[in-house]
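In our numbering, the protein residues as written are 171 to 294.
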């Protein structure tokens, strides 16, 4: 099992094209840990903003009566992929991993696979 800091470091080191990664609590909007980003890309602001995306999707699913769970939410920009992975492990309710990728360097399928593996090792 890995702690938050180790998991974020693992994501940055093992996922090709990773620009930043965060563990976020979507109930409060707070980033519990971040790694990466830049002066032009405030990862904490982006992570907090994406809590609204998660909340909106969960609310929509509830209104539609969908009883399934969200695995990933993918947002594609011109030069980036933003991948949101809701955590399913016991004790991780309300948390998601937020990964920002350079779309020119990243393999999206591999990034999703790696993020799932990192989630499995993460102890919150």
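Note that the Cβ used here is the ideal one computed from N, Cα and C, for glycine as well.
Taking all protein chains shown into account, decide if residue 283 is buried (16 or more other Cβ within 10 angstroms of its Cβ) or exposed. Position 113 of the chain shown, counted from the start, is the residue given in the question as residue 283. By the 10 Å Cβ count, residue 283 comes out exposed.
Please name the residue or residues paired with residue 250 in a DSSP beta bridge. For the purposes of this step, residue 250 is taken as residue 80 along the chain shown, with counting starting at 1. Residue 250 pairs with 272.
Return yes when the Cβ of residue 187 is within less than 7 angstroms of the Cβ of residue 272, no when it is not. Residue numbering aside, residue 272 sits at position 102 when the chain shown is read from its first letter. Residue numbering aside, residue 187 sits at position 17 when the chain shown is read from its first letter. Taking 7 angstroms as the Cβ cut-off, residue 272 and residue 187 qualify as a contacting pair.
Is the stretch 174 to 187 close to the stretch 276 to 292, with three or more CB pairs under 8 angstroms? yes
Spatial neighbours of residue 274 within its chain, please: CB distance less than 8 angstroms, with the 5 preceding and 5 following residues excluded, ordered by chain position. Reading the chain shown from its first residue, position 104 is the one you call residue 274. Here the set comprises 187, 249.
Sort 189, 237, 203 by Cα distance to residue 176 and report the nearest one. One-based indexing of the chain shown puts residue 176 at position 6. The shortest C-alpha separation from residue 176 is found at 203.
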